[in-house]
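K.L.:
One structure coming up, written as structure tokens, with questions to follow.
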Amino acid sequence: MSPVLAGVLQLLALVVALGLSYRPLGDHMAKVYSSEKHYKPEKWIYKAIGANPDVEMRWPAYLRGVLAFSVVSVLFLYLLQRVQGSLPGSLGFVSIDPDQAFNTAASFVANTNWQSYYGEQAMGHVVQTGGLAVQNFVSAAVGIAVAVALVRGFARSRTGELGNFWADLVRGTVRILLPIAVIGALVLVACGAIQNFAGIHEVGQFAGGSQQWNGGAVASQEAIKELGTNGGGYFNANSAHPFENPNGLSNLFEIYLILVIPFALTRTFGRMVGSLKQGYAILGTMATIWLAFTGLMMWTEFAHHGPAFDLAGGAMEGKETRFGIGGSSIFAVATTLTSTGAVNSFHSSYTGFGGGITMLGMQLGEIAPGGVGSGLYGMLIMAVIAVFLAGLMVGRTPEYLGKKIGTREIKFAACYILVTPALVLCFTAVAMALPTPAHSMTNSGAHGFSEILYAYTSGANNNGSAFAGLNADTQWFNTTIGLAMLLGRFLPMVFVLALAGSLAEQTPVPETAGTLRTEKPLFTGLLVGTIVIVTGLTYFPALALGPLAEGLAA
Amino acid sequence: MNNSVGSTGRVLWAGLRALLVLTVICGVLYPLAVTGIAQAAFPGKANGSEVEDASGRVVGSELIGQTYEDLRWFQPRPSRGLGTNTVNTRYKLILSGATNRSGDNAELIQWVKEAKAAVVKDNSTADYRVKPSDVPADAVTSSGSGLDPHISPEYAKLQVHRVAERNHLAVAQVDRLVAAHTDGRVLGFIGEPRVNVLQLNIALGELAKGRAQ
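Keeping their order, the protein sequence lines are chains D and A. Taking the numbering used here as reference, the numbering of the first sequence is continuous, increasing by one, and the terminal residue is 601. Taking the numbering used here as reference, the numbering of the second sequence is continuous, increasing by one, and the terminal residue is 1050.
Shown next as structure tokens:
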């Protein structure tokens, strides 16, 4: 079997697996966020929090919960790293410097998992397992909570109430993420991922001498890292490391974990707004972009244009033998079209166009299918924009799901889509204009520029992958990328919740013959077009200087 | 004013308590439960898939690549992205990583050129000439982790003549050894065909020892 055919079959297998879990998982999540019943252990948790899970919150209260929980999380994670040197179970690693500790805390709370540290020479068991992995769960649960609040905004009328943040946070963690993570972690161990709390130990080598490894709760962190679209690797090489991703099967399984919740949330959305077809239209948009990107990526990587790859006879630099070009390309697209940022191969050594595809994937706003929760709310914002554009074309007040998209709503949506591009382009421009940031580049020319553009694209969009030639452990990058991650995560959430509140207050407008049918394939087409045009207009000049210049020169 | 400060304080306090409870669940109970089950059900894998040679000595992990100075052994892929630990100097932990060089990077072009020349030179024997076009891509490029335990079957086959000559074995014998240690794709389409270098070299060592006796 040719590698290309094997790659296509792996993609098909992935589609089938995702299709099989779409209904049960999507319906389960809808039930989780609609049910009135609290389980016994959940009641204990609410008691410990001191919150009444049955109190409905309007958008400012919901937002306060999100922000308070996240502020506390950043501080806690920061302090944990700052005192690591005195904690037991830290493998002898020292405390993390202030700028790097801030960057890492911001990164994991913002569901980004950008890493300016090297896992195996910086973080011990306590910080990895008790700090970083915890944020992998809860930052994902916060993302889903905000998405569900927006869906409730569409589904509810004349109330302004969006649900209870604490209930959504706890339910998302214990009823959705935790059970799947347990199963996922065990599957990964069965494939060969390690799961122990051993210290640093020496292992003999075949030709003499020895290697030194650290143990770790790797499989349990790996499972939630993919499932929660987080992406922070236990080891520096992330999912390329054989202890994190031991074989072709674990590779495909990890890609499945990355995509399963973001896709299934469209079903949850359809259920909660009372029309599964509306969910299918959103799903269709996500799937179209995902399949197109994966196809393009496989094409450019198998064609391997570029002087070094032509010489080598294939684009295998930075890729593992067991995954090959196909398994690496599918992973690279899945990780950058969601907010994951885990890598099983190093994007900096992809072809010029391949690197551009990973960057463009993030720049779309990570909505195809996007991060857990953030993908759905990002896509619904684009749907609001698309409806608005359609309204302009026919001169009619736009509506979406029975709600009027008026001045107020479109302002929130417009602010949402401006935040990340503003962060990415401004920070990149400033970094390029200053004398020192360029010293961090490994490559020069167009690719050097791409390293910096990629870093801020990845940070502001909460992805976390890198053109890892960039030495990002400097005060400048730790601080500015840290800010980009926090602002890129929480400012959009403000606009999403404000929009949700505004929608929930409205009285629904009845559907008429003139209403745009947003459950039809025509709308899916309009939505894809809107996304491509908005992103293209924003980023094309920057992409032309980086990956396009590199790809065309090859 | 006072009221809003008070309510902000209350929300932050609730946030802290939520974080602590969820830390116990997701950061303590979850990893411990998974570790318990993993250690009971898959102890070998959960502890790093260590491999022993015929004498029972641990010679590494099935999953982690090694270097073999002597050319009588099958050679792994280059690993130019690999580093060593600098923070905790009591140990020399392996620092996994890639080169991160782009396709038009002058250094990478040079590395590929050198690696290709070396592969051609090392593997050509008196009656077997390696052509540069025979050299597969994995033989001249570094992997993502720098720890790739595998090489492609093509690269293994390319090394057969050299290995046979240096170990005083018949080419056909070594060929059979490579064939026996070539793993196909899972279910025929997942992953890529590959040869585990450590396993292959252990078997090669046994074969050479048997011949010497």
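Note that the Cβ used here is the ideal one computed from N, Cα and C, for glycine as well. As the structure is a prediction and not an experimental result, all values here were calculated from the model.
(1) Tell me which same chain residues have a C-beta within less than 7 Å of the C-beta of D:Glu103, skipping the five on either side of it?
(2) Counting only Cβ pairs nearer than 7 Å, list the residues of chain A close to D:Tyr165.
(3) Which one or two residues does DSSP pair with D:Arg105 in a beta bridge?
(4) DSSP on A:Met838, reduced to helix/strand/coil?
(5) Under 8 Å between beta-carbons, which chain A residues line up against D:Met48? List them in chain order, please.
(6) If you follow the alpha helix (DSSP H) that A:Ile874 is part of, which residue opens it and which one closes it?
(7) Residues in its own chain within less than 6 Å of D:Gly506 by CB, not counting five upstream and five downstream?
(8) Let's test the definition: count the other Cβ atoms within 10 Å of the Cβ of D:Gly374 and tell me whether it reaches 16, buried, or not, exposed.
(9) What does D:Ala266 reach in chain A if we use C-beta pairs closer than 7 Å?
(10) Could one say the Cβ of A:Met838 lies closer than 8 Å to chain D's Cβ atoms, at least one of them?
(11) For a quick check, are the C-beta atoms of D:Phe290 and D:Ile241 less than 8 Å apart?
(12) What does a CB cutoff of less than 7 Å around A:Asn839 pick up in its chain, not counting 5 residues either side in sequence?
(13) Roughly how many whole angstroms lie between the Cα atoms of A:Lys968 and A:Val949?
(14) Who are the Cβ neighbours of D:Gly190 in its own chain at under 7 Å, not counting the five residues just before and after it?
(15) Roughly how many angstroms lie between the CA atoms of D:Ala228 and D:Ala469, to the nearest whole one?
(16) What residues in its chain sit with their C-beta under 8 Å from that of D:Pro145, if we drop five residues either side in the sequence?
(17) The beta strand (DSSP E) that contains A:Glu889, what's its start and end?
(18) Cβ of D:Arg455 within 8 Å of Cβ of D:Gly73?
(19) Provide the residue(s) that pair with D:Glu249 in DSSP beta bridges, ordered along the chain.
(20) Any C-beta of chain D within less than 8 Å: which residues of the stretch 949-983 of chain A qualify?
(21) For the structure I just gave you, are there three or more beta carbon pairs, one from the stretch 353-365 of chain D and one from the stretch 129-138 of chain D, closer than 8 Å?
(22) So, is the C-beta of D:Arg222 closer than 8 Å to a C-beta in chain A?
(23) Flag A:Thr872 as yes when its Cβ comes closer than 7 Å to any non-hydrogen atom of the ligand GTP, and as no otherwise.
(24) Flag this pair as yes or no: are the beta carbons of D:Thr405 and D:Ala379 separated by less than 8 Å?
(25) With H, G and I counted as helix, E and B as strand and the rest as coil, what does DSSP make of A:Val1023?
(26) Taking its Cβ as the centre, do 16 or more other Cβ atoms sit within 10 Å of A:Ile1039, making it buried, or is it exposed?
(27) Let me make sure I understand the geometry here. Which of D:Thr521, D:Gly178 and D:Asn508 has the alpha-carbon closest to that of A:Cys863?
(28) Given a cut-off of 8 Å on the beta-carbon distance, is the pair D:Ala437 and A:Asn937 in contact?
(29) Taking 8 Å as the threshold (C-beta atoms), are D:Leu65 and D:Asn261 in contact?
(30) With respect to the alpha helix (DSSP H) encompassing A:Asn960, which residues constitute its N-terminal and C-terminal limits?
(31) With DSSP as the reference, please indicate the residues paired to A:Arg1031 in a beta bridge.
(32) Quick check: the Cα distance between D:Leu338 and D:Gly97, rounded to an integer number of angstroms?
(33) So which of D:Thr385, D:Asn99, D:Arg536 and D:His172 has the shortest CA-CA distance to D:Phe244?
(34) May I ask you to list the residues that DSSP assigns as paired with A:Lys994?
(35) Beta-carbon within less than 7 Å of D:Thr483's beta-carbon, same chain only, minus the 5 sequence neighbours each way: which residues are those?
(36) Would you give the residue range spanned by the beta strand (DSSP E) that A:Ser898 belongs to?
P.N.:
Once the coordinates are examined:
(1) Once the five neighbours on either side are set aside, the close Cβ partners of D:Glu103 are Glu208, Gly210 and Asn211.
(2) Leu932
(3) D:Glu208
(4) Annotation note: pLDDT 41 at A:Met838 (below 50); position unreliable, coordinate value reported separately. Residue state, collapsed to three classes: coil.
(5) Arg1022, Gly1025 and Phe1026
(6) Tyr867 to Ala878
(7) Trp161, Ile528, Ala531 and Met532
(8) buried
(9) Near D:Ala266 (Cβ distances below 7 Å), the residues of chain A are Val871 and Ala875.
(10) Interpretation of A:Met838 is limited by its pLDDT of 41, a score under 50 that renders its predicted location unreliable; the figure taken from the coordinates is listed afterwards. Output row for A:Met838: interface = no.
(11) yes
(12) Since pLDDT at A:Asn839 reaches only 49, below the 50 mark, its modelled position is unreliable, and the value read off the structure follows with that caveat. Excluding residues within five positions, none has a Cβ falling inside 7 Å.
(13) 15 Å
(14) Asn158, Gly418, Val419, Gly420 and Ser421
(15) 35 Å
(16) Scanning its chain for C-beta atoms nearer than 8 Å, with the 5 sequence neighbours on each side dropped, one finds around D:Pro145 the residues Arg129, in chain order.
(17) Glu887 to Glu889
(18) no
(19) Answer is D:Gln259, bridged to D:Glu249.
(20) So the close ones are Val949, Lys950, Lys953, Ser970, Val972, Pro973, Ala974, Asp975, Val977, Thr978, Ser979, Ser980, Gly981, Ser982 and Gly983.
(21) no
(22) no
(23) With respect to the ligand GTP, the structure shown offers nothing to examine, as it has no ligands at all.
(24) Against a cut-off of 8 Å, the Cβ pair of D:Ala379 and D:Thr405 comes out as a contact.
(25) strand
(26) buried
(27) D:Gly178
(28) In this structure, A:Asn937 does not lie closer than 8 Å to D:Ala437 by Cβ.
(29) no
(30) It spans Ala943 to Asn960 - the alpha helix (DSSP H) in which A:Asn960 sits, taken as one unbroken run.
(31) A:Asp1020
(32) Their Cα atoms are separated by approximately 45 Å.
(33) D:His172
(34) A:Lys994 pairs with nothing; no bridge assigned.
(35) Trp523
(36) Val895 to Ser898
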